[in-house]
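Residue numbers (this note's numbering), protein chains in the order written: chain R, 1 to 404; chain C, 405 to 808. Right, one structure below, let's go through it.
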């Protein structure tokens with residue numbers, strides 16, 4: 001029997017306790033031993049919880065109990081989650097987590113602490129919810145040079161973009177719907193402005209390369225500026241707009257970004273709708289593979305948390321065989337040099353100015369009073385310079401979305 | 405450094421040797437040690453192969469060399485692959501394989517032999533080519549009761565069905581195209597008649613349940629009877645026809661089958677086209693997840709073979725923590741009791757007879773001289789009985805495809 005402690009009896013914590021309870025027999029059979037929840041840490045009084053008898057308020061109870069070998073940190077937020085995780089590792093307990101913020105910000109330090117104390121820090125649930133993605137990327141694709149990762153990693157924004165596309169509603173309306181359905185927080189900025197996706201691509205990039213980039217050095221753009229008009233133009237291109245976290249090599253440089261992209265319907269990512277997530281990974285031998293499923297929610301995320309608990313119970317070590325290092329100055333590469341084609345919508349200019357400044361472009365049908373076009377591949381720097389020149393000619397930028 | 409031997413320098417064997425050569429540095433960095441190919445077994449003389457200096461013709465050279473700790477059996481076919489695998493395991497060498505026939509037919513015995521000799525028998529490459537599916541199912545979804553697996557597991561038949569749908573060509577034409585492109589063998593029966601898919605669902609079922617069913621007890625139906633008319637009727641239903649390997653519970657009984665199904669476009673499996681494979685897995689906590697990618701080919705399959713080699717080099721044990729047993733009498737359950745809706749096309753009868761015999765059905769537009777309908781959910785036994793009765797009324801069955 002292994003004894004575990006859960007930190008945080010929120011949505012994921014409750015789901016994890018439920019899974020370990022409901023599937024107890026199956027787990028015991030598969031693992032050859034039982035998984036016993038000894039404590040659940042939460043500062044709240046929760047007399048009506050079925051787990052109220054396991055609740056403790058002082059983390060020291062867990063840290064000082066030598067019977068607890070695995071801790072599931074499901075609190076969310078950076079602090080005190082980071083401090084509790086570090087203390088647990090230093091107390092010789094392995095930690096599993098769903099906390100993308102802590103993994104993205106403190107992953108290297110925590111993995112070093114784990115290694116120093118002969119334990120592991122696992123994080124399958126931090127990215128893609130229940131979708132197996134961290135372990136498959138680290139283990140099943142370990143023989144490949146990973147050349148690209150592009151993922152729909154946030155269900156809230158994907159729901160909003162799907163509703164705009166299929167329901168013809170505005171961003172604001174779709175966001176209100178998502179909030180009413182409980183898919184979006186009352187303060188939706190972390191989802192909508194791309195911060196959540198950014199943390200996740202930061203983690204996936206580290207799994208693929210062994211180097212953890214600084215979150216605030218990853219170019220991050222959300223979807224709040226996407227208009228229904230843009231969605232319609234994309235539709236005309238037989239494509240939809242998706243918020244992607246991306247890690248991609250261009251000319252040997254490793255770029256990382258979070259931004260909306262126009263994804264053509266022949267790409268499997270364009271078909272990932274509603275709250276679902278999908279991660280497309282390219283390796284130099286495997287080609288393209290995609291992982292698809294529910295990227296959030298109590299039950300799906302609990303599935304990933306428990307997978308890591310079972311891995312530890314079975315004696316598996318760290319999921320990434322190569323220890324993570326902090327990324328150097330060159331990762332991610334300077335986004336100004338990233339090259340892509342761009343859909344651009346402007347008012348106040350005509351095609352003459354655009355042709356002179358952007359050279360060969362492809363014009364797209366759009367609403368009256370605007371002119372829309374698709375550029376040739378240009379660097380970010382070049383695109384910005386050209387837009388500045390168009391602005392000097394009286395042009396007003398209405399929208400810009402990169403082509404996947 | 406670990407020394408390995410490859411058995412069989414065919415498509416997958418060459419791909420594996422190429423990967424280990426091309427990605428040598430990366431692998432050494434990730435693994436912390438080198439993977440060295442010491443021997444390649446092949447009965448053919450291959451003086452022009454870049455690996456000719458590694459070729460041996462006598463399996464004993466490999467079996468008797470204590471330096472070889474891992475053998476990659478990439479020969480295909482049941483014999484002598486089974487005997488060589490058993491001998492390698494008994495000689496204390498772990499074996500990785502891409503050979504679905506051997507895993508599906510002899511998996512239990514080989515895993516027992518591996519356990520008895522303290523080594524492992526891994527088979528990620530046997531199903532889904534390069535797509536991570538065995539390890540994610542066994543490890544990442546280990547906390548779930550797996551309630552269903554439905555997979556497009558054969559690229560050849562999926563290419564044929566895609567060409568019929570998108571290209572409007574007949575089964576025979578699509579098959580000829582597939583043969584010309586090298587996607588189909590000259591004798592395509594193992595693919596086209598569903599045998600290949602059957603072996604793969606047999607393996608996935610064992611990973612999910614711990615019980616290996618007998619291949620010849622799994623209901624297996626191929627795609628050679630699918631007509632362009634049927635594809636068109638499916639299209640009218642906003643669906644496509646896909647050959648699926650399925651493991652599904654109904655009323656507590658576990659059914660397994662390989663058969664073409666009409667899959668509606670709102671299901672992600674319907675969008676897996678051409679030679680791609682996709683495996684949809686449902687778990688009681690994770691919900692639906694899907695794995696997508698290239699299910700065959702030298703490079704993709706090599707990716708999976710090497711993943712298993714690296715797992716062994718890193719000291720990982722068997723992928724399924726629960727040892728496989730032979731399935732009992734009840735697995736798979738009697739297919740006569742499997743319930744589904746059926747698309748049926750007949751000639752020689754009118755709707756009066758159909759209404760009387762099948763009760764409430766939904767009529768579908770089809771070609772002149774035929775009548776097509778979708779039944780209510782019926783068991784296989786009931787469907788067969790009803791078709792016999794319609795045949796007694798002069799009806800001639802033209803086609804029948806189950807609805808997913």
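Cβ atoms here follow ideal geometry from the backbone N, Cα and C, with glycine treated the same way. For clarity, every value in this text was computed on a predicted model and none was experimentally measured.
Exposed unless 16 or more other CB atoms sit within 10 angstroms - verdict on residue i
| i | result |
| --- | --- |
| residue 532/C | buried |
| residue 400/R | buried |
| residue 589/C | exposed |
| residue 779/C | buried |
| residue 584/C | exposed |
| residue 159/R | buried |
| residue 258/R | buried |
| residue 166/R | exposed |
| residue 767/C | exposed |
| residue 719/C | exposed |
| residue 132/R | buried |
| residue 760/C | exposed |
| residue 792/C | exposed |
| residue 351/R | exposed |
| residue 672/C | buried |
Unbroken alpha helix (DSSP H) run spanning residue i, endpoints
| i | result |
| --- | --- |
| residue 421/R | Look at the range of chain R in this structure, 1 to 404, and you will see that residue 421/R is not part of it. |
| residue 108/R | 100 to 116 |
| residue 90/R | 81 to 90 |
| residue 648/C | No alpha helix (DSSP H) contains residue 648/C, which is instead part of the beta strand (DSSP E) from 643 to 654. |
| residue 581/C | 575 to 584 |
| residue 802/C | Counting along the chain, residue 802/C falls outside any alpha helix (DSSP H), though it belongs to the beta strand (DSSP E) covering 800 to 807. |
| residue 208/R | 195 to 209 |
| residue 14/R | 11 to 22 |
| residue 593/C | 593 to 596 |
| residue 63/R | 59 to 63 |
| residue 638/C | 632 to 640 |
For residue i, the nearest candidate out of the options (CA to CA)
| i | options | result |
| --- | --- | --- |
| residue 554/C | 564/C, 541/C, 510/C | 541/C |
| residue 41/R | 254/R, 61/R, 31/R | 61/R |
| residue 732/C | 798/C, 674/C, 657/C | 657/C |
| residue 712/C | 538/C, 626/C, 778/C | 538/C |
| residue 9/R | 267/R, 321/R, 39/R, 114/R | 39/R |
| residue 236/R | 361/R, 354/R, 343/R | 343/R |
| residue 330/R | 89/R, 46/R, 212/R | 212/R |
| residue 290/R | 689/C, 513/C, 710/C, 675/C | 675/C |
| residue 652/C | 666/C, 677/C, 686/C | 686/C |
| residue 143/R | 208/R, 377/R, 124/R | 208/R |
| residue 772/C | 689/C, 750/C, 706/C, 451/C | 750/C |
| residue 75/R | 97/R, 313/R, 63/R, 130/R | 97/R |
| residue 287/R | 499/C, 691/C, 692/C, 708/C | 708/C |
| residue 262/R | 250/R, 255/R, 238/R, 285/R | 238/R |
| residue 5/R | 64/R, 164/R, 294/R, 25/R | 64/R |
| residue 512/C | 758/C, 781/C, 462/C, 730/C | 730/C |
Residue i: first and last residue of the uninterrupted beta strand (DSSP E) it sits in
| i | result |
| --- | --- |
| residue 669/C | Looking at the DSSP string, residue 669/C is not in any beta strand (DSSP E), and its letter there is neither H nor E. |
| residue 279/R | 276 to 283 |
| residue 457/R | Any answer about residue 457/R is impossible in this case: the structure gives chain R only from 1 up to 404. |
| residue 391/R | Counting along the chain, residue 391/R falls outside any beta strand (DSSP E), though it belongs to the alpha helix (DSSP H) covering 380 to 392. |
| residue 552/C | 550 to 556 |
| residue 500/C | 498 to 501 |
| residue 777/C | 775 to 778 |
| residue 475/C | 472 to 477 |
| residue 364/R | 362 to 364 |
| residue 457/C | That residue, residue 457/C, is in no beta strand (DSSP E); it is neither H nor E in DSSP. |
| residue 1/R | Unbroken run through residue 1/R: none, as it is neither H nor E. |
Short CB-CB distance (under 9 angstroms) between residue i and chain A
| i | result |
| --- | --- |
| residue 548/C | Note that chain A does not occur in the displayed structure, where the protein chains are R and C. |
Item to complete: Counting only runs of 3+ residues fully inside the stretch 292 to 350 of chain R, write out the beta strand (DSSP E) ranges in chain order.
Response: Runs found: 342 to 347.
Worksheet item: On the three-pair Cβ rule with 8 angstroms, is the stretch 676 to 692 of chain C touching the stretch 547 to 567 of chain C?
Response: By the Cβ criterion, the stretch 676 to 692 of chain C is in contact with the stretch 547 to 567 of chain C, since at least three pairs of Cβ atoms, one from each stretch, lie closer than 8 angstroms.
Worksheet item: Does the pairing of the stretch 331 to 339 of chain R with the stretch 109 to 123 of chain R give three or more beta-carbon distances under 8 angstroms?
Response: Contact between the stretch 331 to 339 of chain R and the stretch 109 to 123 of chain R is absent, because fewer than three Cβ pairs lie under 8 angstroms.
Discussion item. Does the contact criterion of 3 or more C-beta pairs under 8 angstroms hold for the stretch 788 to 806 of chain C versus the stretch 629 to 639 of chain C?
Written reply: In short, these stretches touch, since the Cβ pair count reaches three.
Worksheet entry | Stretch-stretch touch, CB-based, cutoff 8 angstroms, three pairs: the stretch 188 to 195 of chain R with the stretch 216 to 227 of chain R | Using a Cβ-Cβ distance cut-off of 8 angstroms, the stretch 188 to 195 of chain R and the stretch 216 to 227 of chain R are in contact, since at least three pairs of beta carbons, one from each stretch, lie closer than that value.
Discussion item. Assess contact between the stretch 417 to 428 of chain C and the stretch 698 to 708 of chain C, defined as three or more Cβ pairs (one per stretch) separated by less than 8 angstroms. Is contact present?
Written reply: Taking 8 angstroms as the limit for Cβ pairs, the verdict is that the stretch 698 to 708 of chain C does touch the stretch 417 to 428 of chain C.
Item to complete: Could you tell me whether the stretch 71 to 89 of chain R touches the stretch 18 to 30 of chain R, where touching means 3 or more Cβ pairs closer than 8 angstroms?
Response: Segments in contact, no.
Discussion item. Quick test of the definition: if touching needs 3 or more C-beta pairs under 8 angstroms, does the stretch 458 to 472 of chain C touch the stretch 490 to 504 of chain C?
Written reply: Touching, yes, given that three or more Cβ pairs across the two stretches are closer than 8 angstroms.
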